Amino acid sequence: MSEEVETPPFAEIVNGALEFTIPIAHRMGVTAVDVRRGFAATTVPIEGNGNHYGVMYAGVLFTVAEILGGAIAIATFDNSEFYPLVKDLHVFFRKPAKTDVRAEARLSEDEIARIAEEAAATGKSNFTLTAVVTDADGVVVAETEGLYQLRAHGK
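Residue numbering for the sequence shown follows full-length UniProt numbering, beginning at 1 and increasing consecutively.
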């Protein structure tokens, strides 16, 4: 009889790590709500994250989207061999956010395979991740395009 291996609760892992690895994101209230192979979604509340115009501060919108690259990497690649880093990120502000927001991004299975193969062969692999940030009504308030890298430990 084989034992069934339970999938780790990746959202809980990301949320636990945020407090220590990116304390400012934790203080903002950035929360991973769905993290699985090739997909991540995060949220952040409007409360405590507003600016002088009464809308969400731009840096908070950036952060809730940027976190997705690390979250996806945690759930998708071997963390004992590789870690993610962000190399560049462009944010496109579409509408003012007056409510809590949700950010989502995904990688295709083909892209996951390419990244894993290249990182195994060379010690690193760049990948582009696009994210969409929506408000409580589903209105797109920001979009990002980030250049991330999966890098072998010690490289």
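Glycine included, each C-beta is placed from N, C-alpha and C at the ideal position.
From a predicted model like this one, the values you see are computed outputs, not experimental measurements.
Sequence-distant residues of its chain with Cβ nearer than 7 Å to residue i (five each side left out)
i, result
"residue 145", "90, 128, 130"
"residue 45", "29, 100"
"residue 56", "46, 49, 50, 97, 101"
"residue 63", "25, 28, 30"
"residue 94", "140, 141, 142, 143"
"residue 36", "10, 75"
Spatial neighbours of residue i in its chain, beta-carbon cut-off 8 Å, leaving aside the 5 residues before and after
i, result
"residue 88", "146, 147"
"residue 155", "123, 124"
Residue i burial status per 10 Å Cβ neighbour count (16 or more: buried)
i, result
"residue 23", "exposed"
"residue 140", "exposed"
"residue 69", "buried"
"residue 58", "exposed"
"residue 31", "buried"
"residue 108", "exposed"
"residue 122", "exposed"
"residue 61", "buried"
Nonlocal neighbours in the same chain, by C-beta distance under 6 Å from residue i, ignoring five residues either side
i, result
"residue 92", "143"
"residue 26", "18, 19"
"residue 65", "103, 131, 133, 144"
"residue 1", "With a pLDDT of 47 at residue 1, under the threshold of 50, the modelled position of this residue cannot be trusted; read the value that follows with caution. For residue 1, where only same-chain residues beyond five positions count, there are no Cβ hits under 6 Å."
Proximity below 9 Å, CB of residue i to CB of residue j
i, j, result
"residue 40", "residue 71", "yes"
"residue 42", "residue 97", "no"
"residue 119", "residue 77", "yes"
"residue 82", "residue 75", "no"
I'd like the ranges of any beta strand (DSSP E) spanning at least 3 consecutive residues and lying wholly in the segment 101-128.
101-106
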